[in-house]
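Mapping of the sequence shown onto the numbering used here: position 18 corresponds to residue 39, and the numbering continues sequentially without gaps.
All C-beta atoms in this analysis are idealised placements derived from N, C-alpha and C, irrespective of residue type, glycine included.
Remarks on the structure that follows.
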Amino acid sequence: MPPPPKRPRAEPLSDTRRGPADEHGADLRAASFESVMDELQTVVGRLEEGELSLEESLAAFELGVRLSREGSRRLEAAERRVEALLDNGPPDADRPGGPEISSP
22 MPPPPKRPRA EPLSDTRRGP ADEHGADLRA ASFESVMDEL QTVVGRLEEG ELSLEESLAA
82 FELGVRLSRE GSRRLEAAER RVEALLDNGP PDADRPGGPE ISSP
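Next up, the structure:
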């Protein structure tokens, strides 16, 4: 059985050599959660390499903070949605003929 196809690499949201991409018009909120997390991982990796100048490191760190905050914001929103579903039950549970949920 062949291995599963690799997930395509997301286009980077930034180039720490030039500065954060969002200063050039890219909107972090328009990017997928996965792209935000991939970019954060890339930024952290570049910072850990220790090859950036002070200015590049500061720009990368600033972008990393923005990416981290955006990722956290999205996770918190997803958590609120899950909690609302658990508190209120499934959307169709109260309607006659709605889906039945059985316990394992």
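Could you tell me how far apart the beta carbons of residue 57 and residue 92 are, in whole angstroms, since I believe they sit closer than 8 Å? Locating residue 57 in the sequence shown gives position 36, counting from the first residue. Locating residue 92 in the sequence shown gives position 71, counting from the first residue. Going by Cβ atoms, the distance from residue 57 to residue 92 rounds to 5 Å, so yes, they are a contact pair.
Just verifying my parser: in three-state terms, what is the DSSP assignment at residue 108? By 1-based counting over the sequence shown, the position of residue 108 is 87. The answer is helix: DSSP assigns residue 108 an H, G or I state.
Beta-carbon gap between residue 67 and residue 81 smaller than 7 Å: Here residue 67 refers to the residue found at position 46 of the sequence shown. Here residue 81 refers to the residue found at position 60 of the sequence shown. The beta carbons of residue 67 and residue 81 sit closer together than 7 Å.
Rounding to the nearest angstrom, what Cα-Cα distance links residue 90 and residue 107 in this structure? The count along the sequence shown starts at 1 and reaches residue 90 at position 69. The count along the sequence shown starts at 1 and reaches residue 107 at position 86. In a straight line, the C-alpha of residue 90 is about 26 Å away from that of residue 107.
Assuming residue 49 contacts residue 88 under a Cβ cut-off of 8 Å, what Cβ separation, rounded to an integer in Å, is found between them? The residue labelled residue 49 in the question sits at position 28 within the sequence shown. The residue labelled residue 88 in the question sits at position 67 within the sequence shown. Their Cβ separation, rounded to whole angstroms, is 7 Å, which keeps residue 49 and residue 88 in contact under 8 Å.
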